[in-house]
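Undergrad:
Residue numbers (the numbering used here): 12 to 619.
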């Protein structure tokens with residue numbers, strides 16, 4: 012009777028130890044501790060089926076990643092031994108786990124190991140010096156069923172917790188990715204638009220003011236084109252970090268598009284002066300932060316920016332209105348130069364609309380063949396026509412002839428200059444063909460056309476020129492291309508290579524507006540150019556202006572030393588001509604000789 016009561020007491024204690032904690036390891040630790048105390052065991056161990064990450068699972072599987080392994084021991088001092096070094100014992104337990112016995116006793120290293128299966132997913136090993144009585148072993152059977160049930164509950168609970176945690180992490184990651192730019196870690200366009208909408212609503216409720224600053228990195232495309240996108244990405248990340256540290260808690264920042272960033276300032280003072288002071292301070296800090304050279308493994312890079320901004324204080328302006336106005340202001344800042352910042356005003360929209368309308372008119376003019384070429388003859392000191400420069404003219408059906416000073420810069424801002432350049436090339440070649448069918452005087456050499464930066468930068472520039480010459484069946488030397496110093500500054504090596512190919516083909520090159528650009532004399536020496544054109548700025552009143560006289564004289568001497576012909580542009584007075592002759596310049600172009608004229612008049616002038 013006393014033995015039966017003792018066994019029941021052991022059962023009761025062990026059952027009470029089960030299920031008190033949802034954490035499996037804590038529950039098993041308590042159970043093993045009571046096993047050692049109640050059963051007078053030296054050590055108790057639990058082996059469980061585990062996945063490759065050593066997480067317990069409650070069912071056997073053919074999955075090779077699931078293995079029975081040591082999970083926990085009491086006392087804990089034996090844990091390391093069993094887990095790491097006692098492989099023979101682990102093998103004994105595994106053998107027992109795979110047989111059909113529910114209970115077994117194994118003698119190993121002077122100890123008896125009483126092995127009990129825990130459901131189909133574990134083994135309890137009770138280590139003793141003396142064997143357990145059969146009654147005790149049988150009494151443990153219902154206890155182990157309870158242990159199996161509670162263990163499954165703990166494992167399922169842990170799996171559920173992990174699943175919820177994983178799901179939450181995934182949801183947080185998806186939410187982060189939906190609202191942040193993957194490259195810089197800043198907010199993205201969509202998130203910024205949502206935050207701007209809230210800021211506009213809050214301004215109406217709280218009688219405060221806000222502002223949007225749109226920042227564009229100037230000439231960033233050059234970094235991508237020359238160094239590669241991986242370097243461009245590094246630049247964007249560093250700029251983003253600088254913006255983040257510059258505005259800190261003052262503003263919300265986002266990468267808006269490509270190399271554009273946007274800064275949202277909220278809760279600004281209603282007073283226009285105070286508001287403007289804060290905005291200008293933030294802009295100054297941003298410009299300062301961005302223009303500090305970037306030190307990358309690929310080299311040192313200097314970056315500048317231009318900024319447009321718009322303010323808002325109620326819901327009269329929508330999100331799109333504010334962003335559009337900031338973009339318009341940014342475009343105007345771009346035209347002013349690097350590190351410029353402008354606030355939006357309504358005049359900008361008027362100017363932009365006019366710009367867009369004018370651009371559309373240029374497109375229509377190309378379709379309707381409203382462009383034509385006029386030619387300004389070039390003369391030598393004996394008053395022979397030695398060539399002519401092709402100049403584009405636009406006869407607008409509504410306004411008559413438009414000023415090239417207006418439509419050429421607008422065309423250069425877009426790809427329209429490529430289409431215009433294509434027209435000029437083809438028409439000039441067609442006119443040269445007509446000239447070659449005449450009995451031209453020996454003094455007449457070439458027709459020259461102007462080449463834009465975008466034309467020169469195109470990968471098929473050389474082939475385009477060659478194809479036009481061959482299709483027109485003209486002599487290559489009859490066509491000369493004029494480039495300015497400044498348009499070569501993008502990729503000087505590519506420019507030199509392209510011009511050398513054309514030179515070998517027979518098309519010569521002239522450098523226009525010489526003296527007004529930024530070219531290095533070292534590069535000038537490498538260019539396959541045969542003619543330098545003195546800019547009209549140095550020709551005007553050259554007989555009166557000693558500085559112009561000196562500069563023109565140096566250009567003439569430079570051209571001679573490089574074996575180049577020199578021609579002076581903008582000659583309008585006899586006194587200017589006489590001074591140029593004295594300096595040794597014998598080719599001229601300007602109103603003193605002739606205004607630009609239509610092709611048929613050029614033919615008449617040549618025949619004379």
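No residue lacks a Cβ here, since even glycine has one placed at the ideal position from N, Cα and C.
(1) Kindly give me the distance between the Cβ atoms of residue 355 and residue 337, rounded to whole angstroms, as I take these residues to be in contact under 8 Å.
(2) Could you name the residues that DSSP lists as bridge partners for residue 317?
(3) Among the residues of its own chain, which have a CB less than 8 Å from the CB of residue 545, if the five just before and after it don't count?
(4) With H, G and I counted as helix, E and B as strand and the rest as coil, what does DSSP make of residue 385?
(5) Three-state secondary structure (DSSP) at residue 220?
(6) How about residue 494 and residue 334: do their beta carbons lie closer than 9 Å?
(7) Tell me, please, whether the segment 139-147 touches the segment 44-53 by the rule of three or more beta-carbon pairs shorter than 8 Å.
(8) Quick check on residue 529: buried or exposed, where buried means 16 or more other Cβ atoms within 10 Å of its Cβ?
(9) Distance check for residue 150 and residue 117, CA to CA, integer angstroms please.
(10) Express the C-alpha separation of residue 599 and residue 557 in angstroms, rounding to a whole number.
(11) Does DSSP put residue 518 in a helix, a strand or coil?
(12) For residue 599, which beta-bridge partners are listed by DSSP?
(13) Does the count of Cβ pairs from the segment 152-170 and the segment 190-208 closer than 8 Å reach three?
(14) Could you round the C-beta distance between residue 77 and residue 104 to whole angstroms and report it? I think they count as a contact, below 8 Å.
(15) If you drop the 5 nearest sequence neighbours on each side, which residues of the same chain put their C-beta closer than 7 Å to that of residue 403?
(16) Any idea what DSSP makes of residue 23, helix, strand or coil?
(17) Mapping DSSP to helix, strand and coil, what is residue 241?
(18) Residue 512: which of 539, 521 and 358 sits nearest, CA to CA?
(19) If the criterion is Cβ atoms closer than 9 Å, does the pair residue 57 and residue 45 meet it?
(20) In whole angstroms, what separates the C-alpha of residue 543 from that of residue 490?
(21) So, at 6 Å on beta carbons, what are the nonlocal neighbours of residue 296 in its own chain, with the 5 sequence-adjacent residues on each side left out?
(22) Taking 6 Å as the limit between beta carbons, can you name the residues of its chain near residue 534, skipping five residues before and five after?
(23) Residue 275 bridges to which residues according to DSSP?
(24) What are the boundary residues of the alpha helix (DSSP H) that includes residue 98?
(25) Assess, as a yes-or-no matter, whether the segment 225-235 is touched by the segment 303-316 under the definition of 3 or more beta carbon pairs within less than 8 Å.
(26) Compute the beta-carbon to beta-carbon distance between residue 265 and residue 203, rounded to the nearest angstrom, for a pair I have assumed lies under 8 Å.
(27) With residue 606 as the anchor, note down where its beta strand (DSSP E) starts and where it stops.
(28) Roughly how many whole angstroms lie between the Cα atoms of residue 307 and residue 181?
(29) Give the DSSP-derived three-state secondary structure of residue 132 in the structure shown.
(30) Going by other Cβ atoms of all chains shown within 10 Å of its Cβ, with 16 needed for buried, is residue 285 buried or exposed?
(31) Just the Cα atoms here: how many angstroms apart are residue 627 and residue 134?
(32) For residue 591, collect the residues of the same chain with a Cβ closer than 6 Å to its Cβ; drop the 5 residues on either side in sequence, then sort them by chain order.
(33) Within the present structure, is the beta-carbon of residue 554 separated from the nearest heavy atom of the ligand SAH by less than 8 Å?
(34) Mapping DSSP to helix, strand and coil, what is residue 32?
(35) Would you mind sorting residue 109 into buried or exposed? The rule is 16 or more other CB atoms within 10 Å of its CB.
(36) Based on DSSP bridge pairs, tell me the residues matched to residue 55.
TA: If we stick to the structure as given:
(1) Here the question's residue 355 lines up with position 344 in the chain shown. Here the question's residue 337 lines up with position 326 in the chain shown. Correct: roughly 6 Å between the Cβ atoms.
(2) One-based indexing of the chain shown puts residue 317 at position 306. 227, per the DSSP bridge assignment.
(3) For the purposes of this step, residue 545 is taken as residue 534 along the chain shown, with counting starting at 1. Contacts found: 525, 526, 563, 566, 567, 577, 578, 579, 580 and 596.
(4) Position 374 of the chain shown, counted from the first residue, corresponds to residue 385. Strand.
(5) As a working note, residue 220 is residue 209 in the chain shown. Residue state, collapsed to three classes: strand.
(6) Start at 1 with the first residue of the chain shown, and residue 494 comes out as number 483. Start at 1 with the first residue of the chain shown, and residue 334 comes out as number 323. Taking 9 Å as the Cβ cut-off, residue 494 and residue 334 do not qualify as a contacting pair.
(7) yes
(8) As a working note, residue 529 is residue 518 in the chain shown. With a pLDDT of only 49 at residue 529, under 50, the local geometry of the prediction cannot be trusted, and the value read off the model is given with reservation. With fewer than 16 Cβ atoms within 10 Å of its Cβ, residue 529 is classed as exposed.
(9) In the chain shown, residue 117 corresponds to position 106, counting from 1. In the chain shown, residue 150 corresponds to position 139, counting from 1. So the alpha carbons of these two residues sit roughly 19 Å apart.
(10) As a working mapping, residue 557 is identified with position 546 in the chain shown. As a working mapping, residue 599 is identified with position 588 in the chain shown. Distance between the alpha carbons of residue 557 and residue 599: 20 Å.
(11) Counted from its first residue, the chain shown places residue 518 at position 507. Residue state, collapsed to three classes: coil.
(12) Translated into positions along the chain shown, residue 599 becomes position 588. Per DSSP, 390 and 579.
(13) no
(14) Counting from 1 along the chain shown, the entry for residue 77 is found at position 66. Counting from 1 along the chain shown, the entry for residue 104 is found at position 93. Not quite, the Cβ-Cβ distance comes to about 15 Å (not below 8 Å), so this is no contact.
(15) Here residue 403 refers to the residue found at position 392 when the chain shown is read from its first residue. Hits under 7 Å: 382, 384, 415, 431 and 435.
(16) Start at 1 with the first residue of the chain shown, and residue 23 comes out as number 12. Three-state DSSP puts residue 23 in a helix.
(17) Within the chain shown, numbered from 1, the residue matching residue 241 stands at position 230. Reduced to three states, the DSSP call for residue 241 is helix.
(18) Residue 512 sits at position 501 when you count from the first residue of the chain shown. Nearest option by C-alpha distance: 539.
(19) Taking the first residue of the chain shown as position 1, residue 57 is located at position 46. Taking the first residue of the chain shown as position 1, residue 45 is located at position 34. No, Cβ-Cβ distance for residue 57 and residue 45 is not below 9 Å.
(20) Counting from 1 along the chain shown, the entry for residue 543 is found at position 532. Counting from 1 along the chain shown, the entry for residue 490 is found at position 479. Answer to the nearest angstrom: the Cα atoms are 16 Å apart.
(21) By one-based count along the chain shown, residue 296 stands at place 285. Excluding positions up to five away in sequence, the list reads 257.
(22) Stepping through the chain shown from its first residue, residue 534 is reached at position 523. 503, listed in sequence order.
(23) Indexing the chain shown from 1 puts residue 275 at position 264. In DSSP, residue 275 forms a bridge with 223 and 263.
(24) On the chain shown, residue 98 is found 87 positions in, with the first residue counted as 1. It spans 98-109 - the alpha helix (DSSP H) in which residue 98 sits, taken as one unbroken run.
(25) yes
(26) By one-based count along the chain shown, residue 265 stands at place 254. By one-based count along the chain shown, residue 203 stands at place 192. Their Cβ separation, rounded to whole angstroms, is 4 Å, which keeps residue 265 and residue 203 in contact under 8 Å.
(27) Position 595 of the chain shown holds residue 606. No beta strand (DSSP E) contains residue 606, which DSSP labels as neither H nor E.
(28) Residue 307 sits at position 296 when you count from the first residue of the chain shown. Residue 181 sits at position 170 when you count from the first residue of the chain shown. One C-alpha to the other measures close to 34 Å.
(29) On the chain shown, position 121 is the one that residue 132 refers to. Per DSSP, reduced to three states, the secondary structure at residue 132 is coil, with no helix or strand assignment.
(30) Translated into the one-based positions of the chain shown, residue 285 becomes position 274. Exposed, because fewer than 16 other Cβ atoms sit within 10 Å of the Cβ of residue 285.
(31) Examination of residue 627 is not possible in this model, given that the chain is present from 12 through 619 alone.
(32) As a working mapping, residue 591 is identified with position 580 in the chain shown. Within the same chain, residue 591 has close Cβ partners 579.
(33) This structure lacks the ligand SAH; in fact it carries no ligand of any kind.
(34) Along the chain shown, one-based indexing puts residue 32 at 21. DSSP places residue 32 in coil when its eight states are reduced to three.
(35) Residue 109 sits at position 98 when you count from the first residue of the chain shown. Label assigned to residue 109: exposed.
(36) Along the chain shown, read from residue 1 onward, the residue named residue 55 stands at position 44. Paired residue(s): 85 and 137.
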